[in-house]
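With my numbering applied, the sequence shown closes on residue 303, and no number is skipped along the way.
One structure below.
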Amino acid sequence: MKIEEGYMPFREYKTYYRIVGEPNPYKAPLLLIHGGPGSSHNYFELLDDFAETSGRQLIMYDQVGCGKSTLPEDESVYVKETWAEELVALRKYLHLDHVHMLGQSWGGMLEMLYLTQYDQTGVKSVMIDGSPASIKLWTKEQHRLISYLSYEDREAIAEAERTGDFSGPKYLAANDRYMERYCWDDPDENSPEPLRRPTNGKRASLIAEGPNEFTENGTISDFELTDELHKIKVPVLVTNGTDDLCTPLIAKSVHDHIPGSKWHLFGNSRHLALLDQHDEFISVLDNWLKEND
């Protein structure tokens, strides 16, 4: 299977991209937009086999500030507008005149920003996977999820939030358990190889998001598009997991505000259904894309 790698010039930086498979005149390519901010395309390599079995070209990339792309020193780069403009530029650079999109977590937020503030022309369908339209609702729901942790872990997190010190061993252990319960496990030797690779995005995550998923004091902390979602006119599938950082309430809020959207809930899945419910995720994705080609 053909894999092409390259770099797109973006401002004074470089954006890494990876294209899997050959163009298919009957099936529009699927553009994959990773989460974070500060993650990378790595976990989307779990979809490489799908490019072969479906005959559909996949395009993934590392947003500026992570992965194999440029890691700017200038903190002012790490704002939502940068990544939206990078997405606009990538579509133009790779001639993605007709394309499906799948955004996971922050990637789905970026899709919502793109579809409400930029040009929707040529977007055949969108999958919004585990993404909020409102950081305010997100942080409220994270604190509800924290309430299901042990007393010791709840206290450690509350103390870290009170003091602003997120370096203590009790907090770090509590946050690890929270992430393992609702996000995914820390990679180890048994994890798929792409998940074991560094994302190089810790700095981007700290600047844009904050120290964790429930504090959210970075540059995207004011993200709020709920009342703008009615502007989205392309077919949309909203997905999340039953045990996801993106709770059913968050997903329902997105689904309810996008006219004609559909919603799929992955049972027994955390924040990456592609990993936790791999076969079901592939099936749902394949059917959705076929419906909207």
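Just so it is clear, CB atoms sit at the ideal spot from N, CA and C, and this is done for glycine as well.
Note that the coordinates shown come from a computational prediction; the quantities given were computed from them, not determined experimentally.
Nearest-angstrom Cα separation, counted from residue j out to residue i
| i | j | result |
| --- | --- | --- |
| Asp-196 | Glu-190 | 7 Å |
| Arg-28 | Tyr-161 | 44 Å |
| Ala-184 | Arg-164 | 8 Å |
| Gly-77 | Pro-204 | 12 Å |
| Ser-79 | Tyr-23 | 8 Å |
| Asn-52 | Gly-211 | 12 Å |
| Lys-12 | Leu-56 | 16 Å |
| Ser-64 | Asp-289 | 14 Å |
| Pro-258 | Pro-221 | 24 Å |
| Val-294 | Leu-41 | 16 Å |
| Asp-84 | Glu-15 | 26 Å |
| Gly-178 | Glu-171 | 11 Å |
| Pro-82 | Thr-149 | 28 Å |
| Pro-35 | His-105 | 14 Å |
| Gln-73 | Thr-173 | 32 Å |
Own chain, CB closer than 6 Å to residue i, minus 5 neighbours either side, in chain order
| i | result |
| --- | --- |
| Ala-94 | Leu-123 and Tyr-124 |
| Leu-8 | Residue 8 lies beyond the range of the chain shown here (11 to 303); nothing can be said about it. |
| Ile-230 | Lys-90 and Ala-218 |
| Pro-33 | Gln-67 |
| Ile-69 | Ile-29, Pro-39 and Leu-41 |
Neighbourhood of residue i by C-beta, 8 Å cutoff - its chain only, sequence neighbours within 5 removed
| i | result |
| --- | --- |
| Leu-239 | Met-122, Thr-126, Ala-143, Val-264, His-267 and Ile-268 |
| Glu-62 | Met-11 and Gly-31 |
| Leu-285 | Tyr-53, Leu-56, Trp-194, Pro-202 and Leu-205 |
Three-way DSSP call (helix, strand, coil) for residue i in this model
| i | result |
| --- | --- |
| Glu-226 | coil |
| Gly-31 | coil |
| Tyr-124 | helix |
| Glu-238 | helix |
| Pro-19 | strand |
| Lys-12 | coil |
| Lys-243 | coil |
| Leu-282 | coil |
Contacting residues, own chain, Cβ-Cβ under 7 Å from residue i (five flanking each side not counted)
| i | result |
| --- | --- |
| Arg-38 | Reading off the sequence, residue 38 comes out as Ala, not Arg. Excluding sequence neighbours, Ala-38 sits near His-108, Val-109, His-110, Lys-134 and Asp-303. |
| Tyr-103 | Met-18 |
| Ser-279 | Gly-251, Thr-252, Asp-253, Asp-254, Asp-286 and Gln-287 |
Which residues DSSP lists as bridging residue i, in chain order
| i | result |
| --- | --- |
| Ser-135 | His-110 |
| Tyr-26 | Tyr-17 |
- Query: In the region 44-113, which residue ranges form an unbroken beta strand (DSSP E) of at least 3 residues, counting only runs that do not cross its ends?
  - Reply: Runs of the beta strand (DSSP E) inside the region 44-113: 68-71.
- With a floor of 4 residues, list each alpha helix (DSSP H) that falls wholly inside the region 246-280, ordered by position along the chain. Listed in chain order, the complete alpha helix (DSSP H) runs (minimum 4 residues) inside the region 246-280 are 258-267.
- Enumerated in chain order, which unbroken segments of the alpha helix (DSSP H) with a length of 4 residues or greater are wholly contained in the region 137-212? The region 137-212 contains, as complete alpha helix (DSSP H) runs of 4+ residues, the segments 145-156, 161-173, 179-192 and 203-206 (chain order).
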